[in-house]
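Visitor: Handing you a structure now.
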Amino acid sequence: MRRFDHKLIEDLVPQGATVLDLACGGGELLSELIAAKQVHGSGVEISQEAVEACVGRGLSVFHGDLDEGLADFADGSHDVVILSMSLQQLRRPRMIVREMVRVGRLAIVSFPNFAHWSPRLQLLLAGRMPVSRDLPYQWWDTPNIHLCTIRDFRRLCREEGLRVERELYLRGVDQAPPEHALAPNLMARIAIFAVARR
Amino acid sequence: MSERHQQSKEIGDVPTGTGEDTGNAGIVRTKQVTFDQPGQRLALEGGGELGPLTLAYETYGRLSEARDNAVLVTHALSGDAHVAGRHSANDRRAGWWDMLIGPGKALDTGRYFVICSNVIGGCSGSTGPASENPATGRPYGTDFPIITIADMVNAQAMLLDHLGIDKLLAVVGGSMGGMQVLEWAIAHPQRVHLCVPLATAARQPTQAIAFNEVGRQAIMADPNWHDGHYYGGRPPSKGLSVARMVGHITYLSDEAMQEKFGRRLRDIHDYSFTFSADFEVESYLRHQGLAFTDRFDANSYLYITRALDYFDLTRQHGSLVQAFREVTARFLVLAFSSDWLHPPYQLKEIVSALRATHKHVSYYEVESHYGHDAFLLEREKMQGIIEAFLKSGARSFAAAR
Numbered sequence: 009m010r011r012f013d014h015k016l017i018e019d020l021v022p023q024g025a026t027v028l029d030l031a032c033g034g035g036e037l038l039s040e041l042i043a044a045k046q047v048h049g050s051g052v053e054i055s056q057e058a059v060e061a062c063v064g065r066g067l068s069v070f071h072g073d074l075d076e077g078l079a080d081f082a083d084g085s086h087d088v089v090i091l092s093m094s095l096q097q098l099r100r101p102r103m104i105v106r107e108m109v110r111v112g113r114l115a116i117v118s119f120p121n122f123a124h125w126s127p128r129l130q131l132l133l134a135g136r137m138p139v140s141r142d143l144p145y146q147w148w149d150t151p152n153i154h155l156c157t158i159r160d161f162r163r164l165c166r167e168e169g170l171r172v173e174r175e176l177y178l179r180g181v182d183q184a185p186p187e188h189a190l191a192p193n194l195m196a197r198i199a200i201f202a203v204a205r206r
Numbered sequence: 016m017s018e019r020h021q022q023s024k025e026i027g028d029v030p031t032g033t034g035e036d037t038g039n040a041g042i043v044r045t046k047q048v049t050f051d052q053p054g055q056r057l058a059l060e061g062g063g064e065l066g067p068l069t070l071a072y073e074t075y076g077r078l079s080e081a082r083d084n085a086v087l088v089t090h091a092l093s094g095d096a097h098v099a100g101r102h103s104a105n106d107r108r109a110g111w112w113d114m115l116i117g118p119g120k121a122l123d124t125g126r127y128f129v130i131c132s133n134v135i136g137g138c139s140g141s142t143g144p145a146s147e148n149p150a151t152g153r154p155y156g157t158d159f160p161i162i163t164i165a166d167m168v169n170a171q172a173m174l175l176d177h178l179g180i181d182k183l184l185a186v187v188g189g190s191m192g193g194m195q196v197l198e199w200a201i202a203h204p205q206r207v208h209l210c211v212p213l214a215t216a217a218r219q220p221t222q223a224i225a226f227n228e229v230g231r232q233a234i235m236a237d238p239n240w241h242d243g244h245y246y247g248g249r250p251p252s253k254g255l256s257v258a259r260m261v262g263h264i265t266y267l268s269d270e271a272m273q274e275k276f277g278r279r280l281r282d283i284h285d286y287s288f289t290f291s292a293d294f295e296v297e298s299y300l301r302h303q304g305l306a307f308t309d310r311f312d313a314n315s316y317l318y319i320t321r322a323l324d325y326f327d328l329t330r331q332h333g334s335l336v337q338a339f340r341e342v343t344a345r346f347l348v349l350a351f352s353s354d355w356l357h358p359p360y361q362l363k364e365i366v367s368a369l370r371a372t373h374k375h376v377s378y379y380e381v382e383s384h385y386g387h388d389a390f391l392l393e394r395e396k397m398q399g400i401i402e403a404f405l406k407s408g409a410r411s412f413a414a415a416r
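Sequence order for the protein chains is H and Y. The numbers in the first sequence follow this note's numbering, run straight up by one, and end at 206. The numbers in the second sequence follow this note's numbering, run straight up by one, and end at 416.
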């Protein structure tokens with residue numbers, strides 16, 4: 009089944025744009041964007057297996073560590089830079105957001121919203137670190153080291169002087185977006201931000 | 016054109032091994048082709064022409080009906096055409112990249128027609144300084160013209176014409192072979208679909224020029240060198256072996272040397288308090304140096320290192336971005352983490368320049384402690400990505416034709 013977060017990201021990407029997908033994994037999203045929007049896409053990925061998978065699909069991919077920034081990518085060299093559901097796994101999320109708006113005219117960031125009612129309740133009632141389908145790890149082995157909320161991300165954008173062009177919410181990657189986003193910071197499991205420099 | 020088939024079978028009939036999933040390229044022979052017609056002289060980058068021109072080459076696998084499965088492998092400084100398989104059943108040494116070439120291997124000879132030829136200026140069957148100078152009837156020696164990476168590539172293009180190959184599926188090569196790969200993409204953009212440069216640079220780095228110069232000085236300081244006209248007499252073996260020793264150091268890494276030799280002593284329990292080779296590393300280098308003189312010509316070492324040093328796409332084209340402007344090939348660029356002769360930044364430079372004009376390029380960094388030599392050793396870490404790149408590239412090649 010097609011992931012709704014990918015569909016929403018796709019809607020934000022202009023036809024034929026040059027797209028850089030950070031932490032692109034095996035290239036699923038990139039392949040979808042190339043098929044649907046004829047983008048000139050390439051990815052950055054740290055895992056050897058995932059890089060191999062991308063190359064096997066005929067994608068252009070750069071083997072690199074996002075925690076070291078995007079020094080190999082020139083200012084304004086891409087129309088869109090995407091970071092899909094990986095912000096929370098980076099050691100320096102603020103730096104990477106800066107790098108994204110440096111390299112791309114538009115930055116699209118999606119992340120799990122830690123202020124969703126489910127993790128809130130788990131913490132409040134059980135007094136333990138939340139474990140869910142979206143965040144299935146125990147605290148000691150989670151790769152999600154920098155979780156944030158929708159309000160947190162808005163604040164980061166404000167502090168970085170970024171313009172938020174779009175804010176989209178999902179209740180799950182397999183659930184269509186709600187018609188009316190009521191109290192998104194409480195109700196959305198996933199948020200997608202499209203931001204740019206002012 | 017005359018052809019000397021040291022092999023009884025025609026091109027395309029080369030045995031492809033036992034048919035096992037991963038096996039050897041089988042028994043192969045080096046073939047030679049000589050271009051000796053008036054229109055077949057090779058115009059050289061540094062001026063002048065070279066001819067008659069003989070090229071030694073080997074092939075593995077079969078050229079497809081559509082002639083769309085040819086993969087050219089380009090060799091490094093001391094390499095030759097013998098890239099895979101064995102020359103006889105009891106040949107103890109397989110070709111220099113046998114680990115990647117054969118049935119079921121990354122360069123699968125069941126799928127691809129693999130070609131490797133000895134570079135001009137070399138000493139393993141192609142025309143070089145030890146070849147006969149038609150003007151004098153004696154070996155060229157240092158009357159051989161200075162050749163460049165571009166000249167090597169143009170000679171390979173003549174070989175492809177001879178083999179009836181219009182466009183290569185891929186060119187793959189490490190170190191100096193990688194420079195030839197870059198040159199192929201630039202000089203013959205319509206003849207290459209995929210490029211895989213490994214452990215190389217778009218311009219010979221200063222440090223590498225420096226080491227090459229030490230090697231050349233060692234050769235030229237050998238009293239047997241005689242300004243390069245030593246054929247028929249004793250060759251400058253001492254100088255050549257020192258050059259090789261220096262070269263070898265640059266192919267290893269601190270960690271690899273530490274691990275391989277440490278401070279271990281050779282067959283003795285204590286220092287000999289002489290200048291004999293007490294340390295294993297000394298004995299290894301002396302052995303490597305000496306063994307090299309059996310198979311390599313000192314003048315070829317001078318000419319080929321010169322070609323390396325002159326290689327600079329930036330100087331030639333104004334900028335690297337400009338150099339790659341007409342490139343149509345898709346690239347897979349491979350770097351090796353501990354390579355200090357061509358560190359990853361030199362390969363990333365190539366990637367950035369290609370990306371600047373939105374060329375299709377992938378970059379992969381192999382984690383290895385083997386230094387520059389890693390591209391000849393890290394089979395496990397390289398084969399998957401190269402195989403994936405060639406397979407997906409073969410699909411897009413077929414679709415484009």
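All C-beta atoms, glycine included, are put in the ideal place defined by N, C-alpha and C.
#1: Consider the C-beta atom of Arg77 of chain Y and the heavy atoms of the ligand FAD; say whether any pair is separated by less than 7 Å.
#2: Measure from the C-beta of Glu128 of chain H to each C-beta in chain Y and report whether the shortest distance is under 8 Å.
#3: Hey, out of Y:Lys406, Y:Tyr378, Y:Phe390, whose CA is closest to Asp80 of chain H's CA?
#4: Below 6 Å CB to CB, which residues in the same chain sit around Cys131 of chain Y once its five sequence neighbours on both sides are set aside?
#5: Assess, as a yes-or-no matter, whether the stretch 28-41 of chain H is touched by the stretch 65-75 of chain H under the definition of 3 or more beta carbon pairs within less than 8 Å.
#6: Between the stretch 377-388 of chain Y and chain H, which residues of the former have a C-beta closer than 7 Å to a C-beta of the latter?
#7: State yes or no: is the beta carbon of Phe119 of chain H nearer than 8 Å to at least one beta carbon in chain Y?
#8: Verify whether the separation of the beta carbon atoms of Leu57 of chain Y and Ala170 of chain Y is less than 8 Å.
#9: Name the DSSP bridge partner or partners of Asp29 of chain H?
#10: Who are the near neighbours of Leu190 of chain H in its chain, counting only those whose CB is closer than 6 Å to its CB and skipping five residues on each side?
#11: Is it right to say Ala82 of chain H is buried, meaning 16 or more other beta carbons lie within 10 angstroms of its own, or is it exposed?
#12: Can you name the start and end residues of the beta strand (DSSP E) that His208 of chain Y belongs to?
#13: Is Asn133 of chain Y near Leu183 of chain Y, with beta carbons less than 8 Å apart?
#14: For the putative contact between Pro160 of chain Y and Leu65 of chain Y, defined by C-beta atoms under 8 Å, what is the C-beta separation to the nearest angstrom?
#15: Work out the CA separation of Ser140 of chain H and Asp149 of chain H for me, nearest whole Å.
#16: Is any beta-carbon of chain H found at less than 8 Å from that of Lys363 of chain Y?
#17: What residues of chain H sit near Lys406 of chain Y, judged by a beta carbon separation below 8 Å?
#18: Under the three-state reduction of DSSP, which class applies to Cys138 of chain Y: helix, strand or coil?
#19: Please report whether the beta-carbon of Gly247 of chain Y lies at a distance below 8 Å from any beta-carbon of chain H.
#20: Is it the case that the Cβ atoms of Val168 of chain Y and Ala185 of chain Y are separated by a distance below 8 Å?
#21: For the stretch 142-151 of chain Y and the stretch 310-329 of chain Y, state whether three or more C-beta atom pairs, one from each stretch, are separated by less than 8 Å.
#22: For Cys156 of chain H, list the residues DSSP reports as bridge partners.
#23: Using a Cβ distance threshold of 8 Å, determine whether the stretch 280-295 of chain Y contacts the stretch 113-121 of chain Y, with at least three qualifying pairs required.
#24: By the 10 Å Cβ neighbour count, where 16 or more other Cβ atoms means buried, how is Ile365 of chain Y classified, buried or exposed?
#25: Check for me: the alpha helix (DSSP H) holding Lys275 of chain Y runs from which residue to which?
#26: Give me the chain H residues within the contact set of Ala371 of chain Y, using Cβ-Cβ distance strictly less than 9 Å, ordered along the chain.
#27: Is the Cβ of Glu60 of chain H closer than 8 Å to any Cβ of chain Y?
#28: For Glu382 of chain Y, does the three-state DSSP call read helix, strand or coil?
#29: Pairs of beta-carbons, one from the stretch 399-412 of chain Y and one from the stretch 197-211 of chain Y, closer than 8 Å: are there three or more?
#30: Hey, is the stretch 96-108 of chain H in contact with the stretch 177-186 of chain H, meaning 3+ C-beta pairs nearer than 8 Å?
Guide: So, from the data block:
#1: The ligand FAD is absent from the structure shown, which contains no ligand whatsoever.
#2: The sequence given here has Arg at residue 128 of chain H, not Glu. No, its Cβ sits nowhere closer than 8 Å to a Cβ of chain Y.
#3: Y:Tyr378
#4: Glu73, Val88, Ala96, Val98
#5: yes
#6: Ser377, Tyr378, Tyr379, Glu380
#7: no
#8: yes
#9: H:Gly51, H:Ile90
#10: none
#11: exposed
#12: 207-213
#13: no
#14: 6 Å
#15: 14 Å
#16: yes
#17: Gly64
#18: coil
#19: no
#20: no
#21: yes
#22: H:Asn121
#23: no
#24: buried
#25: 269-275
#26: Ala82, Ser85
#27: yes
#28: coil
#29: yes
#30: no
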